[in-house]
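Visitor: Okay, handing you the structure first.
Here you go:
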């Protein structure tokens, strides 16, 4: 079974750093791009960026460029989303998803990030 | 950036009724338009890919149509389990954007 399993919920303070993860299984991890999607409380889906796990080439939405970093470690089939300095406005659920033939066919369960002083 | 708009924002529907949701793109995207269903407290799920192709395992009451800038998701004979928010998503040009969502509620 193809799965993306994300790391658990996080509670952080403004200014702290954070890295969340997304581990793929049941398929060849390097064969598909991984997307990251944000969903703020009660809001819709926002595409943040994507990474090609083969060579770690990444693209970012202009809305997120410079504020987050997407990376991957193909040796452990894991993609990451990280912040160096969190803001309260980063409070959201973050999903990873697998891109196959232009569509997001498998999604992770989501990681809830809460940033509060 | 390609902007996707959806209508309606919200729809309250009786079981067995037909539901039609539209998605309009700010520029032509060919058929690179996909539909996702998100139930409360769940991850989104792919329903329709490339405007009209049903994803594996999706009930036949879900169908999609359209090309260019105008697209439609149709749910024939709505069931109670279809209560969810439906999003369109384009993969024609970066950044890949989502529509704002249409919430379907069961009366």
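Chains as they are written, first to last, in my numbering: chain A, 2 to 118; chain B, 27 to 133.
Note that beta-carbon positions come from the ideal geometry of N, C-alpha and C, so glycine has one too.
Everything numeric in this text was worked out from a predicted model, so none of it was measured.
Is the Cβ-Cβ distance between residue 50 of chain B and residue 30 of chain B less than 9 Å?
Guide: In this structure, residue 30 of chain B lies closer than 9 Å to residue 50 of chain B by Cβ.
Visitor: Please report the residue range of the beta strand (DSSP E) in which residue 2 of chain A lies.
Guide: It is not in any beta strand (DSSP E) - residue 2 of chain A carries neither H nor E in the DSSP assignment.
Visitor: Classify residue 81 of chain B as helix, strand or coil using the three-state DSSP reduction.
Guide: Residue 81 of chain B falls in the coil class under three-state DSSP.
Visitor: So, is the C-beta of residue 123 of chain B closer than 9 Å to a C-beta in chain A?
Guide: It does: the Cβ of residue 123 of chain B has a partner Cβ on chain A nearer than 9 Å.
Visitor: Take the Cβ of residue 107 of chain A as the centre, count every other Cβ of all protein chains shown within 10 Å, and call the residue buried at 16 or more, exposed below.
Guide: So residue 107 of chain A ends up on the buried side.
Visitor: Please decide whether residue 70 of chain B counts as near chain A, where near means a Cβ-Cβ distance under 9 Å.
Guide: Yes, because at least one Cβ of chain A sits closer than 9 Å to the Cβ of residue 70 of chain B.
Visitor: Can you tell me the Cβ-Cβ gap for residue 94 of chain A and residue 115 of chain A, rounded? I've got them flagged as a contact below 8 Å.
Guide: Actually they do not touch by this definition, with Cβ atoms about 10 Å apart.
Visitor: For residue 10 of chain A, count neighbouring C-beta atoms within 10 Å of its own C-beta (all shown protein chains included) and say buried if the count is 16 or more, exposed if not.
Guide: That one is exposed.
Visitor: Along the segment 52-67 of chain B, where does the CB come closer than 7 Å to a CB of chain A? Name the residues.
Guide: Answer in chain order: 58 and 60.
Visitor: Between the Cα of residue 103 of chain A and the Cα atoms of B/54, B/27 and B/116, which residue gives the shortest distance?
Guide: The candidate whose alpha carbon is nearest that of residue 103 of chain A is B/116.
Visitor: Which residues of chain A have a Cβ atom closer than 8 Å to the Cβ of residue 113 of chain B, listed in chain order?
Guide: By Cβ distance, chain A contributes 45 and 46.
Visitor: Given this structure, state the Cα-to-Cα distance separating residue 78 of chain A from residue 120 of chain B, to the nearest angstrom.
Guide: Near 25 Å, if we compare the C-alpha coordinates of residue 120 of chain B and residue 78 of chain A.
Visitor: Taking Cβ-Cβ distances shorter than 9 Å, what residues in chain A pair up with residue 94 of chain B?
Guide: Per Cβ cutoff of 9 Å: no residues; residue 94 of chain B is ~17 Å from chain A at best.
Visitor: Judging by CA-CA distance, which residue of A/2, A/57 and A/68 is the nearest neighbour of residue 86 of chain A?
Guide: When only C-alpha atoms are compared, the closest one is A/68.
Visitor: With a Cβ-Cβ cutoff of 9 Å, do residue 122 of chain B and residue 37 of chain A count as a contact?
Guide: No; because the gap between Cβ atoms is not below 9 Å, this pair is not in contact.
Visitor: Let's see if you can read the secondary structure: which residues bound the beta strand (DSSP E) around residue 40 of chain A?
Guide: From DSSP, the beta strand (DSSP E) with residue 40 of chain A extends over 34-40.
Visitor: Could you compute how far the alpha carbon of residue 39 of chain B sits from the alpha carbon of residue 16 of chain A?
Guide: One C-alpha to the other measures close to 45 Å.
Visitor: Considering only the alpha carbon of each residue, which of A/110, A/18, A/92 and A/27 lies closest to residue 42 of chain A?
Guide: For residue 42 of chain A, the nearest C-alpha among the options comes from A/92.
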